[in-house]
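Chains as they are written, first to last, in the working numbering: chain A, 1 to 367; chain B, 368 to 734. Quick reminder that beta carbons are idealized off the backbone N, C-alpha and C, glycines included. These figures come from a predicted structure and were not determined experimentally. Structure, as structure tokens:
There are 2 protein chains.
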Amino acid sequence: MSDRLDITYILTCQAGETAEEKTLGIALEQTVELPQSCLDADLQTRITGRVDELVALADGRYRARISYPLAAIGGELTQCLNLLFGNISLKRGIRIVDISWPEPLLAALGGPAYGIAGLRQLTGQANGPLLCSALKPVGLSAAQLAERCYQFALGGVHIIKDDHGVADQPDAPFAERLALCQAAVERAADETGQRSLYFPNVTASYRELPRRLQAAKDAGCRGVLISPWITGLDALRFARDEFGLALMAHPALTGACFGPDHGLAEELLLGDLFRLAGADASIYPNAGGRFGFSVETCEAINHRLRRPLGAVKPSMPTPGGGMDVARAPEWVRRYGSDIIVLIGGSLYAQGDLAGASKALREALTAA
Amino acid sequence: MSDRLDITYILTCQAGETAEEKTLGIALEQTVELPQSCLDADLQTRITGRVDELVALADGRYRARISYPLAAIGGELTQCLNLLFGNISLKRGIRIVDISWPEPLLAALGGPAYGIAGLRQLTGQANGPLLCSALKPVGLSAAQLAERCYQFALGGVHIIKDDHGVADQPDAPFAERLALCQAAVERAADETGQRSLYFPNVTASYRELPRRLQAAKDAGCRGVLISPWITGLDALRFARDEFGLALMAHPALTGACFGPDHGLAEELLLGDLFRLAGADASIYPNAGGRFGFSVETCEAINHRLRRPLGAVKPSMPTPGGGMDVARAPEWVRRYGSDIIVLIGGSLYAQGDLAGASKALREALTAA
Numbered sequence: 001m002s003d004r005l006d007i008t009y010i011l012t013c014q015a016g017e018t019a020e021e022k023t024l025g026i027a028l029e030q031t032v033e034l035p036q037s038c039l040d041a042d043l044q045t046r047i048t049g050r051v052d053e054l055v056a057l058a059d060g061r062y063r064a065r066i067s068y069p070l071a072a073i074g075g076e077l078t079q080c081l082n083l084l085f086g087n088i089s090l091k092r093g094i095r096i097v098d099i100s101w102p103e104p105l106l107a108a109l110g111g112p113a114y115g116i117a118g119l120r121q122l123t124g125q126a127n128g129p130l131l132c133s134a135l136k137p138v139g140l141s142a143a144q145l146a147e148r149c150y151q152f153a154l155g156g157v158h159i160i161k162d163d164h165g166v167a168d169q170p171d172a173p174f175a176e177r178l179a180l181c182q183a184a185v186e187r188a189a190d191e192t193g194q195r196s197l198y199f200p201n202v203t204a205s206y207r208e209l210p211r212r213l214q215a216a217k218d219a220g221c222r223g224v225l226i227s228p229w230i231t232g233l234d235a236l237r238f239a240r241d242e243f244g245l246a247l248m249a250h251p252a253l254t255g256a257c258f259g260p261d262h263g264l265a266e267e268l269l270l271g272d273l274f275r276l277a278g279a280d281a282s283i284y285p286n287a288g289g290r291f292g293f294s295v296e297t298c299e300a301i302n303h304r305l306r307r308p309l310g311a312v313k314p315s316m317p318t319p320g321g322g323m324d325v326a327r328a329p330e331w332v333r334r335y336g337s338d339i340i341v342l343i344g345g346s347l348y349a350q351g352d353l354a355g356a357s358k359a360l361r362e363a364l365t366a367a
Numbered sequence: 368m369s370d371r372l373d374i375t376y377i378l379t380c381q382a383g384e385t386a387e388e389k390t391l392g393i394a395l396e397q398t399v400e401l402p403q404s405c406l407d408a409d410l411q412t413r414i415t416g417r418v419d420e421l422v423a424l425a426d427g428r429y430r431a432r433i434s435y436p437l438a439a440i441g442g443e444l445t446q447c448l449n450l451l452f453g454n455i456s457l458k459r460g461i462r463i464v465d466i467s468w469p470e471p472l473l474a475a476l477g478g479p480a481y482g483i484a485g486l487r488q489l490t491g492q493a494n495g496p497l498l499c500s501a502l503k504p505v506g507l508s509a510a511q512l513a514e515r516c517y518q519f520a521l522g523g524v525h526i527i528k529d530d531h532g533v534a535d536q537p538d539a540p541f542a543e544r545l546a547l548c549q550a551a552v553e554r555a556a557d558e559t560g561q562r563s564l565y566f567p568n569v570t571a572s573y574r575e576l577p578r579r580l581q582a583a584k585d586a587g588c589r590g591v592l593i594s595p596w597i598t599g600l601d602a603l604r605f606a607r608d609e610f611g612l613a614l615m616a617h618p619a620l621t622g623a624c625f626g627p628d629h630g631l632a633e634e635l636l637l638g639d640l641f642r643l644a645g646a647d648a649s650i651y652p653n654a655g656g657r658f659g660f661s662v663e664t665c666e667a668i669n670h671r672l673r674r675p676l677g678a679v680k681p682s683m684p685t686p687g688g689g690m691d692v693a694r695a696p697e698w699v700r701r702y703g704s705d706i707i708v709l710i711g712g713s714l715y716a717q718g719d720l721a722g723a724s725k726a727l728r729e730a731l732t733a734a
């Protein structure tokens, strides 16, 4: 493992642009932001990104590899994001397809506090897939959402999260919903002897986020849902370090980065970056649902979340986004059992949430 | 002005997708996240997005207008972003090209604390364009950056900001740089009688950002630079409300949203959203520089930053990104004088920063 951040790009050159210029442009833009003529030899060798490889591909595009010294980053996730895709986001035809992380940066970012093993401990499910569902829609009262929460808990859903669009709207204000939904999982646990976890959505303003995290902790929740591309990715690290709650990350807004020729590969953002920032579970839109991810992309995300990565714990892949109950066991067999199966609509469509959840959980156990 | 959030999309349909389905899919996805069959009449009329218009365009695409009730948003910028482009970012062929803001949301978000008039007061420049430059590159020591800061201040640059890639790296740690650069503008002011403002880059982790803002304030700075798409957009509102510093917003990472068929129009993100979140000045890559924005896009951003918008103050357009000193007066004539001209490299290339800055400021005054 090198002590440089090593980034691989696929470049699509625009009219009048050579691959050499484009690659050097990236190396300068993401570090010194000055033309070479303004730099002395020390800055050129010590700080500027170094072009390690440039290869023409069969389809007319290019693969470039540039490595960056830690001196251009420091130890902060924010500057790391900036160096990855800050200014070059404003250009065209640059897609990051691989990142090799130096050990000091892995140590600085840290990754999940719980990870797969920790989530298994929290849920009491030592093996097999975990089941997750979402409380929705926005517009219901807190009491109505709590009743749904209770039904899911009776049905044995391991993690019951707020829908990511359920925030702090007037129909079900955060504080009231938190109290009622947490009471609902506790009531169900008293009845069934098995404990579901309620993960409230704490995605909120900069000032409010810590208050919601504290409220969730005070209420007895063991984890929360957060949309880190909306709060800022570092909010995950903050929540991890200051509150000790398990973190389920939602991909809202990230899709803007997944252009075919420009952006970051899905598995880098929803895999590497979410994991390094502290997500114990990373939700992504599964193939075959309402969104367009391919099976290969989903498997690449699974791999990035679970692969060995220094001392960083693995995170739970959480495929969702319109998954059909009937096909869920098939996905478990394909992806392996270290996943969280996130199913909302396909349970709601059956009406009896407790019964539908119970049947699904049994089907998953048998998968 | 309606009391609904009114969003206009340009839709590019994929194979097997009708415009009607796609539009209804957006209205559901961004609110209830359930199929219509799972919703009662109340939720369908009161919460779900309402399709107000769907028009086929000459190029095979469609223009759709959907309005959303405030009940689906509440008063938070985070949920507003989520409703704008949260889940649909993960789809394809959806570009937001217009937003009409309801008065209650304008009031909740607030906009700039200083705005154009406030920045003119802070800089003592009652009319004409303001001049801004950037301290770089990363890799220099704090003392070296402070010397550049001093030279720019001698040359009469109104606002001297850190480069957005200069964060808290070991060569020039934030605290040391802040102290030396602020001392540099004060020393220059003692000599020349005219006061430049130093805006340190406070883009940092969730925990560190408030500390840097406080340090900047304690040091006597009147404003800061921040990259809100990296910190989370709401960090602007937080900085505005808690620290009272002027805010210059940098577009790092936003470019991922500017796909030709998918994303948000540049003027909505760098114009409306940055302004509403509290940016007193919004930096964008000017036409003719290192980036690919068209003049029309730049003018649309200028318009969105300066147009009347309820009680929200106008923000200063800040074109930069490789602008040539020689062409700067021309841009002022084209864009009007309520702008900040941001020039870095083209001053550095001249070597004598004080002299080059002085000449440029004189040229701008004469523009």
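First and last residue of the uninterrupted beta strand (DSSP E) at residue i
{"i": "residue 624 (chain B)", "result": "Here residue 624 (chain B) belongs to no beta strand (DSSP E), and DSSP marks it neither H nor E."}
{"i": "residue 687 (chain B)", "result": "683-687"}
{"i": "residue 326 (chain A)", "result": "It is not in any beta strand (DSSP E) - residue 326 (chain A) carries neither H nor E in the DSSP assignment."}
{"i": "residue 265 (chain A)", "result": "No beta strand (DSSP E) holds residue 265 (chain A); DSSP gives it neither H nor E."}
{"i": "residue 133 (chain A)", "result": "130-135"}
Residues bridged to residue i [DSSP beta-bridge criterion]
{"i": "residue 466 (chain B)", "result": "B:374"}
{"i": "residue 285 (chain A)", "result": "A:320"}
{"i": "residue 312 (chain A)", "result": "None, per the DSSP bridge assignment."}
{"i": "residue 146 (chain A)", "result": "For residue 146 (chain A), which the question treats as bridged, DSSP gives no partner whatsoever."}
{"i": "residue 727 (chain B)", "result": "Looking at the DSSP assignment, residue 727 (chain B) forms no beta bridge with any residue, so it has no partner."}
{"i": "residue 505 (chain B)", "result": "B:507"}
Where the alpha helix (DSSP H) containing residue i begins and where it ends
{"i": "residue 223 (chain A)", "result": "From DSSP, residue 223 (chain A) is part of no alpha helix (DSSP H) but of the beta strand (DSSP E) over 223-226."}
{"i": "residue 665 (chain B)", "result": "662-673"}
{"i": "residue 706 (chain B)", "result": "Note, residue 706 (chain B): premise wrong, no alpha helix (DSSP H); not H, not E."}
{"i": "residue 249 (chain A)", "result": "Not the alpha helix (DSSP H): residue 249 (chain A) falls in the beta strand (DSSP E), residues 246-249."}
{"i": "residue 37 (chain A)", "result": "It is not in any alpha helix (DSSP H) - residue 37 (chain A) carries neither H nor E in the DSSP assignment."}
{"i": "residue 21 (chain A)", "result": "19-29"}
{"i": "residue 609 (chain B)", "result": "601-610"}
{"i": "residue 641 (chain B)", "result": "641-644"}
{"i": "residue 713 (chain B)", "result": "712-715"}
Selection from the options that minimises the alpha carbon distance to residue i
{"i": "residue 166 (chain A)", "options": "B:447, B:652, B:650", "result": "B:447"}
{"i": "residue 735 (chain B)", "options": "B:548, B:622, B:395", "result": "In the structure displayed, chain B extends from 368 to 734; residue 735 (chain B) sits before or after that span and is not available."}
{"i": "residue 83 (chain A)", "options": "A:103, A:43, A:28, A:262", "result": "A:28"}
{"i": "residue 625 (chain B)", "options": "B:466, B:664, B:612, B:504", "result": "B:664"}
{"i": "residue 531 (chain B)", "options": "B:417, B:669, B:617", "result": "B:617"}
{"i": "residue 90 (chain A)", "options": "B:615, B:689, B:390, B:620", "result": "B:620"}
{"i": "residue 468 (chain B)", "options": "B:650, B:372, B:584", "result": "B:372"}
{"i": "residue 339 (chain A)", "options": "A:46, A:3, A:128, A:330", "result": "A:128"}
{"i": "residue 78 (chain A)", "options": "A:261, A:231, A:342", "result": "A:231"}
{"i": "residue 697 (chain B)", "options": "B:471, B:731, B:384", "result": "B:731"}
{"i": "residue 46 (chain A)", "options": "B:505, B:392, B:460", "result": "B:505"}
{"i": "residue 392 (chain B)", "options": "B:382, B:677, B:417", "result": "B:417"}
{"i": "residue 687 (chain B)", "options": "A:96, A:87, A:283, A:16", "result": "A:87"}
{"i": "residue 473 (chain B)", "options": "B:452, B:442, B:610", "result": "B:442"}
{"i": "residue 262 (chain A)", "options": "A:63, A:94, A:16", "result": "A:94"}
{"i": "residue 589 (chain B)", "options": "B:574, B:405, B:614", "result": "B:614"}
Next on the checklist: If contact is defined by three or more beta carbon pairs under 8 Å, each pair taking one atom from either stretch, is the segment 668-684 of chain B in contact with the segment 632-652 of chain B?
Outcome noted: yes
Next on the checklist: Measuring CB atoms only, is the segment 263-278 of chain A touching the segment 294-311 of chain A, in the sense that at least three cross pairs come out at less than 8 Å?
Outcome noted: yes
Item to check | Residue ranges of each alpha helix (DSSP H) within the segment 49-119 of chain A, 4 or longer | outcome: 77-85, 103-109
Next on the checklist: Can you confirm whether the segment 652-659 of chain B touches the segment 119-126 of chain A when touching is taken to mean that 3 or more C-beta pairs between the two stretches lie within less than 8 Å?
Outcome noted: no
Next on the checklist: Contact between the segment 588-603 of chain B and the segment 565-572 of chain B is defined here as three or more beta-carbon pairs at a separation below 8 Å; is this criterion met?
Outcome noted: yes
Checklist entry - Can you find at least 3 beta carbon pairs, one from the segment 168-175 of chain A and one from the segment 184-199 of chain A, that sit closer than 8 Å? => result no
Next on the checklist: Please give the ranges of any alpha helix (DSSP H) in the segment 154-213 of chain A, keeping only runs that are unbroken, at least 4 residues long and fully inside the region.
Outcome noted: 174-192
Item to check | Cβ pair count under 8 Å reaching 3, the segment 182-192 of chain A against the segment 142-162 of chain A | outcome: yes
Checklist entry - Are there three or more Cβ pairs, one per stretch, closer than 8 Å when the segment 109-120 of chain A is compared with the segment 131-139 of chain A? => result no
Checklist entry - Contact between the segment 353-366 of chain A and the segment 324-341 of chain A: three or more CB pairs below 8 Å? => result yes
Checklist entry - Are there three or more Cβ pairs, one per stretch, closer than 8 Å when the segment 63-76 of chain A is compared with the segment 2-18 of chain A? => result yes
Next on the checklist: Three Cβ pairs or more, each shorter than 8 Å: is that satisfied between the segment 32-46 of chain A and the segment 56-64 of chain A?
Outcome noted: no
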